[in-house]
Amino acid sequence: MEKKQQICILGSTGSIGTQALEVIEEHSDLYEVYCLTANNRVNELAAQARKFHPAAVVIANEAHYATLQSLLADEPDIKVYAGAKAIDEIVEASPIDMVLTAMVGFAGLSPTIHAIKAGKKICLANKETLVVAGELICQLAGQYHAPIIPVDSEHSAIFQSLVGEDCNEIEKILLTASGGPFRTKSVDELAHVTKADALRHPTWDMGAKITIDSATMMNKGFEVIEAKWLFGVPADRIQVLVHPQSVVHSAVQFRDGSVKAQLGVPDMRLPIQYAFSFPQRLPLSSERLDFFKHPLEFFEPDLEKFHCLALAFEAIGRGGNMPCIVNAANEVVNRAFLDDRCGFLEMGDIIEKTMRLTPYDANPSYDTYVQTDAEARRIAASLLKP
Numbered sequence: 012m013e014k015k016q017q018i019c020i021l022g023s024t025g026s027i028g029t030q031a032l033e034v035i036e037e038h039s040d041l042y043e044v045y046c047l048t049a050n051n052r053v054n055e056l057a058a059q060a061r062k063f064h065p066a067a068v069v070i071a072n073e074a075h076y077a078t079l080q081s082l083l084a085d086e087p088d089i090k091v092y093a094g095a096k097a098i099d100e101i102v103e104a105s106p107i108d109m110v111l112t113a114m115v116g117f118a119g120l121s122p123t124i125h126a127i128k129a130g131k132k133i134c135l136a137n138k139e140t141l142v143v144a145g146e147l148i149c150q151l152a153g154q155y156h157a158p159i160i161p162v163d164s165e166h167s168a169i170f171q172s173l174v175g176e177d178c179n180e181i182e183k184i185l186l187t188a189s190g191g192p193f194r195t196k197s198v199d200e201l202a203h204v205t206k207a208d209a210l211r212h213p214t215w216d217m218g219a220k221i222t223i224d225s226a227t228m229m230n231k232g233f234e235v236i237e238a239k240w241l242f243g244v245p246a247d248r249i250q251v252l253v254h255p256q257s258v259v260h261s262a263v264q265f266r267d268g269s270v271k272a273q274l275g276v277p278d279m280r281l282p283i284q285y286a287f288s289f290p291q292r293l294p295l296s297s298e299r300l301d302f303f304k305h306p307l308e309f310f311e312p313d314l315e316k317f318h319c320l321a322l323a324f325e326a327i328g329r330g331g332n333m334p335c336i337v338n339a340a341n342e343v344v345n346r347a348f349l350d351d352r353c354g355f356l357e358m359g360d361i362i363e364k365t366m367r368l369t370p371y372d373a374n375p376s377y378d379t380y381v382q383t384d385a386e387a388r389r390i391a392a393s394l395l396k397p
């Protein structure tokens, strides 16, 4: 009998993590959970551990360590750890075959680097890793022969469109975006939208942070940066298409004018499963695409209305630590908006000011990224209204 692939899920209680566990459950003959991690959701993490019986669990917030130990006291075979350092160490465990990086934000960078250095297959769902330190990550992945398979639906679609194309040159990447819940609203209307409005995404069921990023379209800007590093294509050859139905997940145009796209119903389990099983395709119990029920529309994004997308393009052009600055400021204002401490349009204004005020470094090291992240967060927080 073939040995089951051992999977470590970083961020198992979030949207991607929970859907990954559904995939593993559906293919329990092929995959097994080695480790689960979460930040604060200690009860959910304990429940997952009871169901999937991993070798280890890690709660990033050390304040929840005792609670997690207590919840799993009658599961002596599950080792319980806490803290960011424990997450960095667990991804290096020799039995692990692949690491699904589904943590949110800058926190995903360090464990991803540790997993790459341990030669693990990386199923990348933490886009901030490449936004902040794309050059470093690509260099390390090559050095340690660690494959990176994208999990984002758009980047998975591009990846799938490139299978079998070998060295054929990419003329253009067509990166689709739903446009979020505010695609048809005016700038004046955007000034008055609430977090409840922003959290009602029309096609995808995602965590709060990424749903807000989708509403501002900062998420799409980050995905442009991600695509640049994953596929070695400059940003001026990556075109964003607003596609409200989220059926065409993205496409690649080649130099002969041919366009290959990957289509499907909006279901994150598909790209998660493909990252696990590549190059094989496994059965998936999901809805099938009905072309008679799904119209396909495409629009140009409005960069004046969606200021955050324009700022992301500016960050790509500047390079260096500028994407790191934008990411840090975005994490601060995203959280502030969710906490009712910042208006929807104010998010872009604060990010732009933070870009001007944070020291720029054209050739950052890992330590520079850490320092930049801290400084940009401090500046962005100081710009919020008291």
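Everything in the sequence shown is counted per my numbering, starting at 12 for the first residue and increasing by one.
Using N, Cα and C, we set each Cβ at its ideal position, and we do this for glycine too.
These numbers come from a predicted model, not from an experiment.
If you draw a straight line from the Cα of L21 to the Cα of K206, it comes to about 27 Å. Non-local C-beta neighbours of C46 in its own chain, meaning closer than 6 Å and more than five positions away in sequence, comprise C19, P65, A67, I101, ordered along the chain.
Bridge partners of E43 according to DSSP: Q17.
Contact check for F117 against N338 passes: the beta carbons are separated by less than 8 Å.
DSSP, read as helix, strand or coil, puts M109 in strand. Looking at the DSSP output, K239 sits in no beta bridge, so it has no partner there. Contact between T187 and L252 is confirmed by a C-beta separation of about 5 Å, below the 8 Å threshold. The three-state reading of DSSP puts V343 in helix, counting H, G and I together. The alpha helix (DSSP H) runs lying completely inside the region 320-379 and spanning 4 residues or more are 333-349, 355-368, given in chain order. Membership of C134 in the beta strand (DSSP E) is indicated by the continuous run 132-135.
Annotation: the continuous beta strand (DSSP E) that includes K90 extends over 90-93.
Following the DSSP letters along the chain, one finds E200 inside the alpha helix (DSSP H) bounded by residues 198-201.
Minimum Cα-Cα distance from H318 among the listed residues D360, K304, L141 corresponds to D360. If you draw a 10 Å sphere on the C-beta of N179, you find fewer than 16 other C-beta atoms in it, and that means exposed. Across the structure, Q150 and S197 are spaced so that their CA atoms are roughly 42 Å apart. Every alpha helix (DSSP H) stretch that sits fully inside the region 163-231 and reaches 4 residues is listed by chain position as 164-173, 198-201, 206-209, 219-227. G268 counts as exposed, since fewer than 16 other beta carbons sit within 10 angstroms of its beta carbon. Per DSSP, H125 is one residue of the alpha helix (DSSP H) stretching across 120-128. Straight-line spacing of the CA atoms in L185 and Q80 works out to 47 Å.
In the DSSP assignment, I160 is bridged to C134. The straight-line gap separating the alpha-carbon atoms of R61 and L83 is approximately 8 Å. Y377 is positioned such that its CB atom lies no closer than 8 Å to that of V143. Your pair L349 and A219 checks out as a contact, with CB atoms roughly 6 Å apart and the cut at 8 Å.
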